[in-house]
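Down below is the structure, laid out as structure tokens.
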Amino acid sequence: MSGWRLEHTYAKLPPLFYTPVEPTPVRDPHYVVFNVPLALELGLDVEALESDDGVAIFSGNRLPDGAFPIAQAYAGHQFGTFTALGDGRAILLGEQVAPDGRRVDIQLKGAGQTRYSRRGDGRAALGPMLRELVIGEAMHALGIPTTRGLAVVATGEPVYRERVQQGAVLTRVASSHLRVGTVQWAAAHRDIDALRAIVGYTIDRHYPTLRDAERPALALLDAVAERQAVLIAKWQLVGFVHGVMNTDNMSLAGETIDYGPCAFIDVYDPATVFSSIDMQGRYAFGNQPAIAEWNLARFAEALLPLIDPDGERALDLARASLERFARLYERAWLDGMRAKLGLFTAEDDDRALVDDLLAWMTAAKADFTWTFVELSRDGADAMRRADPSFGPWLERWRARLARQPRDAREVTSLMRRHNPIVVPRNHRVEEALSAAEQGSIAPLGALLDALRDPYDYTRPRPELSNPPPPADVPYRTFCGT
Ligand code: AMP
Ligand code: MG
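Using my numbering, the final residue of the sequence shown is 1893, and nothing's skipped along the way.
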């Protein structure tokens, strides 16, 4: 019925890793968003799920066929401090096996309290759940690995945050919800069998070629670091700020996960912080690569007992593995920047060329996305007319382009494939979310539609893609999710 093919490989792990729990029913649920393209990819019966049946399932009021609901346990370093966590408001229904064979978690976020709720109410507010779906869809269309929202259902119940808000449940689809913090959880219990089980499970599920590695835990550390290096480079290339890069929010599958106070930068400034609770700028835009590396060091610590029985030897091996991250990141990022500038070849001075553009953008308070859009569509001369300080860099870039055996058409085409013209602009996201909270869904639909083709220069949508007017007050996002 309805296309569910749910399996439960995670629930075969030792009981330390989860607790069975039923979603808590809600009073009066109704759809706000149902992500039809994603439902189709998953082999779900869209027509059947567009009915009250779907609403009942995506609100937690009725379990889909074959569900085995659990809350997952994990730990994490939050702003540097180690804590035991777990799904305090999320319930995993199972793993959907899609028609193409892909296995994905189906999770209800905001579905009620669990053993890990601590003092939380187990619920989520409509605005933040819509935000997670919108940004996730944008990231997906940008080609960035991410969890995705399958549905957002309003519960018809209030949730109490800084202000009273409408409650909502997000159905989240993820390659898995395995986190750095999942492995930290096992390590914190000093349970070597559990640690071995979770490492084996992660390898089977996400890195099957490592099964026969000489040191599987070390190979896993290498592989996760590699995926994270590529992922964070992609964030930096589009100006995405995650906002809460705690180790429990770092996915072992290499997807962007747990969208909270995240946002895209407008004016370029590496010190950009959106989250109202990130006072020190720990998770500032320019700090994200260093924080990813810090999180991987915590991952390495958790893995040490499995890397080698000799503690010193384990530490040496882990250190050598971690040293690769900076290089991997730099390579992924610089290659991406070359593509953004239309460069097919590599020269030693490319790094300086990129750095100097970013330095100009910082000084000129230039919009990050828009600068690259203008470069991708012959706007560079207009930029120089508007601000002569752009001239010297422009000359260097043109000279650099002239040194590669490619014509202008090829350059433009490469650039347009790497410089999105539509990103989820904060002011537009806020407008769409407030409209949706007031019952008007159309702006959200239009935004989602535009975000699905971020690289389409033939369909300019200035009202959604243009930078905002200069703001007096910096944009802030709140964790009150
Ligand atoms: P997050 O900031 O979303 O990554 O969440 C950090 C931790 O707080 C996780 O263990 C969540 O399950 C938990 N949490 C967040 N909000 C709530 C809530 N309203 N009720 C219960 N637990 C929550
Ligand atoms: Mg989290």
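Idealized CB from N, CA, C, for every residue including glycine. In this text the structure is predicted, and so the values were computed from the model without any measurement.
Can you tell me whether residue i is buried or exposed? The criterion is at least 16 other CB atoms within 10 Å of its CB, across all chains shown.
{"i": "D1722", "result": "exposed"}
{"i": "Q1850", "result": "exposed"}
{"i": "P1881", "result": "exposed"}
{"i": "G1532", "result": "exposed"}
{"i": "K1777", "result": "exposed"}
{"i": "P1511", "result": "exposed"}
{"i": "H1442", "result": "exposed"}
{"i": "G1534", "result": "buried"}
{"i": "D1793", "result": "exposed"}
{"i": "Y1486", "result": "buried"}
{"i": "I1644", "result": "buried"}
{"i": "D1624", "result": "exposed"}
{"i": "G1561", "result": "buried"}
{"i": "G1492", "result": "exposed"}
{"i": "A1712", "result": "buried"}
{"i": "R1514", "result": "exposed"}
{"i": "P1874", "result": "exposed"}
{"i": "R1439", "result": "exposed"}
{"i": "I1469", "result": "buried"}
{"i": "G1651", "result": "buried"}
Give a single yes or no on whether residue i has its beta carbon closer than 7 Å to a heavy atom of ligand 3.
{"i": "D1690", "result": "Absent from the structure shown: ligand 3. Ligands present: ligand 1 and ligand 2."}
Less than 8 Å separating the beta-carbons of residue i and residue j?
{"i": "N1707", "j": "F1784", "result": "no"}
{"i": "I1518", "j": "V1585", "result": "yes"}
{"i": "T1757", "j": "Q1692", "result": "no"}
{"i": "I1677", "j": "V1653", "result": "yes"}
{"i": "A1580", "j": "V1444", "result": "yes"}
{"i": "L1622", "j": "A1609", "result": "no"}
{"i": "E1549", "j": "L1863", "result": "yes"}
{"i": "I1503", "j": "A1423", "result": "no"}
{"i": "G1698", "j": "P1673", "result": "no"}
{"i": "A1848", "j": "L1454", "result": "no"}
{"i": "R1828", "j": "S1877", "result": "no"}
{"i": "A1714", "j": "Q1596", "result": "yes"}
{"i": "V1835", "j": "G1754", "result": "no"}
{"i": "D1498", "j": "L1456", "result": "In the sequence under discussion, the amino acid at residue 1498 is Gly, which differs from the Asp named in the question. Cβ distance not < 8 Å, so G1498 and L1456 don't count as in contact."}
{"i": "N1447", "j": "A1563", "result": "yes"}
Go through its chain and collect everything with a Cβ distance to residue i's Cβ below 6 Å, but skip five positions before and after it.
{"i": "V1636", "result": "L1664"}
{"i": "H1839", "result": "P1880"}
{"i": "Q1578", "result": "L1538 and A1566"}
{"i": "V1685", "result": "G1693 and A1696"}
{"i": "T1659", "result": "G1488, H1489, V1592, G1593, N1707 and R1710"}
{"i": "T1558", "result": "G1548, M1551, H1552, E1667 and T1668"}
{"i": "A1451", "result": "V1458"}
Using a Cβ-Cβ cutoff of less than 8 Å, which residues in the same chain neighbour residue i once the five nearest sequence positions on both sides are dropped?
{"i": "L1727", "result": "L1716"}
{"i": "L1740", "result": "A1637, E1638, A1641 and V1642"}
{"i": "E1843", "result": "P1855"}
{"i": "F1480", "result": "L1418, H1420, A1423, P1432, L1505 and G1506"}
{"i": "G1555", "result": "K1646"}
{"i": "D1779", "result": "D1678, V1679, Y1680 and P1879"}
{"i": "G1791", "result": "V1785"}
{"i": "L1729", "result": "R1627, L1630, I1719 and D1720"}
{"i": "W1782", "result": "N1878 and P1879"}
Between residue i and ligand 1, is there a pair consisting of the residue's CB and a ligand heavy atom that are separated by less than 7 Å?
{"i": "R1710", "result": "no"}
{"i": "Y1528", "result": "yes"}
{"i": "L1497", "result": "yes"}
{"i": "V1656", "result": "yes"}
{"i": "A1502", "result": "yes"}
{"i": "G1548", "result": "no"}
{"i": "G1472", "result": "no"}
Measuring only from the beta carbon, is residue i closer than 7 Å to any heavy atom that is part of ligand 2?
{"i": "N1447", "result": "no"}
{"i": "A1517", "result": "The sequence as given places Asp at residue 1517; Ala does not occur at that position. No, the beta carbon of D1517 sits no closer than 7 Å to any heavy atom of ligand 2."}
{"i": "G1707", "result": "First, the amino acid is wrong: residue 1707 is Asn here, not Gly. Checking the Cβ of N1707 against ligand 2 gives no."}
{"i": "D1533", "result": "no"}
{"i": "N1661", "result": "yes"}
{"i": "D1670", "result": "yes"}
Starting from the C-beta of residue i, find all residues in its chain whose C-beta is less than 7 Å away, skip the five residues before and the five after it, and write them out in chain order.
{"i": "F1737", "result": "A1637, A1641, E1705 and L1708"}
{"i": "L1769", "result": "W1805"}
{"i": "V1467", "result": "P1441, H1442, Y1443 and V1565"}
{"i": "L1718", "result": "L1607, R1608, V1611 and A1629"}
{"i": "L1425", "result": "A1609, I1610 and Y1613"}
Please report whether the beta-carbon of residue i lies at a distance below 8 Å from any beta-carbon of chain C.
{"i": "P1620", "result": "Among the chains in the structure shown there is no chain C, since it carries only a single protein chain."}
Between the stretch 1428–1435 and the stretch 1524–1537, do at least 3 Cβ pairs fall closer than 8 Å?
yes
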